[in-house]
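Chemist: Submitted below is the structure of interest, expressed as C-alpha cells.
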Amino acid sequence: MEKSFVWKKSLLFGPVRSRRLGRSLGIDLVPRKVCSMDCLYCEVGKTTFLTAERRFYFTKEEIEEAILTAKEKQDFFDVFTLTGSGEPTLNFYFEETLFLAKKHLSKPVAVLTNSTLLHISSVREALCEADLVLPSLDAARPETFNLINRPAKGISLENIIDGLKELRKQMKGEMWVEVFFLAGINDSQEDLEALKKCIEEINPHKVQLNTAVRPVAYQEARPLSYAKLEEIARFLGEKTEVIVNKERLEKRLLSLTLEGLEKEVVAYVKRRPASVEELSEAFGVEPKVLLELLERLSQEGVLKLKELEGQTYYSA
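Mapping of the sequence shown onto UniProt numbering: residues 1 to 316, in sequence order.
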C-alpha cells in the first residue's frame, strides 16, 4: 500500500499523485482563488480576488511550521511543490518559503506559477534556487493572452515573457513551460507561430501541452483533441510533449459532444417525431450512441415514445 498522511489545519496538502512530478506534497501560499489572472480554463474555479498586489497572507511562523512538518514526512512524497489555489508568488513570503524549503528538505523543490510576477527580481532570485520551475505561457500575442488569461490590472504579457527569458538565463534547475490550449481561443496558426518564436527565445528545458480535461471555470473553455495537440507538439519542436491523459481527454470530448447532441436532438423531435435511424442520419452519429442517449432521456421524462408500424418514434 502506498504511504500517505493527512495534515489538518495546515498550509500543506497531499501528497497527491501528479502526472509530472510523482507524489507531490504541496504548500498553498494564498487563500483559495486569490490570483493575478482569471483564466478561462482554471480547474479551481473563477478568481474571486483578482490582484497583482503582493501581500502577507500567512504568518512566517505558519509557513515554517508547515515546512518542518514536511521535513518529518519526507518518506511519503517525492517532491515538495509551492503551488495552491491561486498564484503563490503573490505571497510576500514566497521567497522566504522557497529558501526555507531548500534549507530543511532533502527532496526536490518545485514551483508552479502563472509567470505574472517574474519581472520582480527577488521572485526570480528565489526561483533560481528551485530544482524545477513549471511556469505557464498560454499565448505570445497580447490580444490572445487577454482573452484566455484575463489578467489583473498591471499585468503585461511583455513583462511575463521578459521575466521568463531572464529566469531561464539565471536559474540552476530546470524550466518546464506549460501551454494550456483551448479550441478556437489560442490555437490559430498565427498564435502558434508567435508562440513558437517566443519559446525558442526563452529556451526552456521542456514544453508541455495541456487542455481542458477536467471541469473548468468558464464554459467557453473547450478542449482540443489529442491528435491536434500532437500536431501542435510537432510544430513547436522536439522539446515539446503532450501531458494530457489521452483516454481521459477522449471521454471528456465525448461528454461535451453528447451534451451538445442532447440539446439538438430534443430540439429536433420537438418539431417532429423521429426514429433512431432518422436521427442517426440527421446528426451523423452511430445508432448505438444515439439509442443510449434516447433511452436515458426517455427514462428522465424528457422524451416520449410512440410505436407506429413496428417502429419506435421519439418526441418531446
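We put the beta carbon where it would ideally sit given N, CA and C, even for glycine.
Can you tell me whether residue 180 is buried or exposed, with buried defined as 16 or more other CB within 10 angstroms of its CB?
Modeler: Along the sequence shown, read from residue 1 onward, the residue named residue 180 stands at position 180. Answer is buried; the Cβ neighbour count reaches 16.
Chemist: I'd like to know whether the C-beta atoms of residue 217 and residue 45 end up nearer to each other than 8 Å.
Modeler: Counting from 1 along the sequence shown, the entry for residue 217 is found at position 217. Counting from 1 along the sequence shown, the entry for residue 45 is found at position 45. Contact flag set, yes.
Chemist: Alpha carbon to alpha carbon, what distance is there between residue 230 and residue 242?
Modeler: Working through the sequence shown from its first residue, we reach residue 242 at position 242. Working through the sequence shown from its first residue, we reach residue 230 at position 230. Whole-angstrom Cα-Cα distance: 7 Å.
Chemist: Verify whether the separation of the beta carbon atoms of residue 94 and residue 157 is less than 8 Å.
Modeler: Along the sequence shown, read from residue 1 onward, the residue named residue 94 stands at position 94. Along the sequence shown, read from residue 1 onward, the residue named residue 157 stands at position 157. No, the pair does not count as a contact, with Cβ atoms beyond the cut-off.
Chemist: I need the straight-line Cα distance from residue 324 to residue 214, nearest angstrom please.
Modeler: A query on residue 324 cannot be resolved here, the shown segment of the chain reaching from 1 to 316 and no further.
Chemist: Please list the segments of the beta strand (DSSP E) lying wholly inside the stretch 223–293, counting only runs of 3 or more residues, in order along the chain.
Modeler: Correct list: 240–242.
Chemist: Answer yes or no: do residue 265 and residue 279 have a C-beta to C-beta separation smaller than 8 Å?
Modeler: The residue given as residue 265 occupies position 265 in the sequence shown. The residue given as residue 279 occupies position 279 in the sequence shown. Yes, the Cβ-Cβ distance between residue 265 and residue 279 is below 8 Å.
Chemist: Cα separation between residue 224 and residue 292?
Modeler: Walking along the sequence shown from the start, residue 224 turns up at place 224. Walking along the sequence shown from the start, residue 292 turns up at place 292. Their backbone Cα atoms lie some 25 Å apart in a straight line.
Chemist: Where DSSP assigns a beta bridge to residue 27, which residues make up the other side?
Modeler: Reading the sequence shown from its first residue, position 27 is the one you call residue 27. The partner list for residue 27 (beta bridge, DSSP) reads 12 and 82.
Chemist: Is residue 98 near residue 70, with beta carbons less than 8 Å apart?
Modeler: Position 98 of the sequence shown, counting from 1, holds the residue named residue 98. Position 70 of the sequence shown, counting from 1, holds the residue named residue 70. Going by C-beta atoms, residue 98 is not nearer than 8 Å to residue 70.
Chemist: Look up residue 17 in the DSSP assignment and give the residues it is bridged to.
Modeler: Here residue 17 is taken as the residue at index 17 of the sequence shown, counted from 1. Beta-bridge pairing links residue 17 to 23.
Chemist: Please identify the residue among 129, 39 and 90 whose C-alpha is closest to the C-alpha of residue 57.
Modeler: Position 57 of the sequence shown holds residue 57. Ranking 129, 39 and 90 by Cα distance to residue 57 puts 90 first.
Chemist: Check whether the stretch 13–26 and the stretch 35–55 are in contact - that is, three or more C-beta pairs closer than 8 Å.
Modeler: With a cut-off of 8 Å, the stretch 35–55 and the stretch 13–26 do not count as touching, because too few Cβ pairs lie within range.
Chemist: Are residue 182 and residue 135 close, meaning C-beta to C-beta below 8 Å?
Modeler: Taking the first residue of the sequence shown as position 1, residue 182 is located at position 182. Taking the first residue of the sequence shown as position 1, residue 135 is located at position 135. No.
Chemist: Excluding the 5 residues preceding and the 5 following residue 233 in the sequence, name in chain order all residues of the same chain whose CB lies nearer than 7 Å to its CB.
Modeler: Position 233 of the sequence shown, counted from the start, is the residue given in the question as residue 233. Only 209, 240, 241 and 242 meet the Cβ criterion.
Chemist: Quick one: measure Cβ to Cβ for residue 66 and residue 122, integer angstroms, because I've assumed they're closer than 8 Å.
Modeler: In the sequence shown, counting from the first residue as 1, residue 66 sits at position 66. In the sequence shown, counting from the first residue as 1, residue 122 sits at position 122. Residue 66 to residue 122, Cβ: 21 Å. No contact.
Chemist: Between 283, 112 and 269, which has its C-alpha nearest residue 298's C-alpha?
Modeler: Position 298 of the sequence shown holds residue 298. For residue 298, the nearest C-alpha among the options comes from 269.
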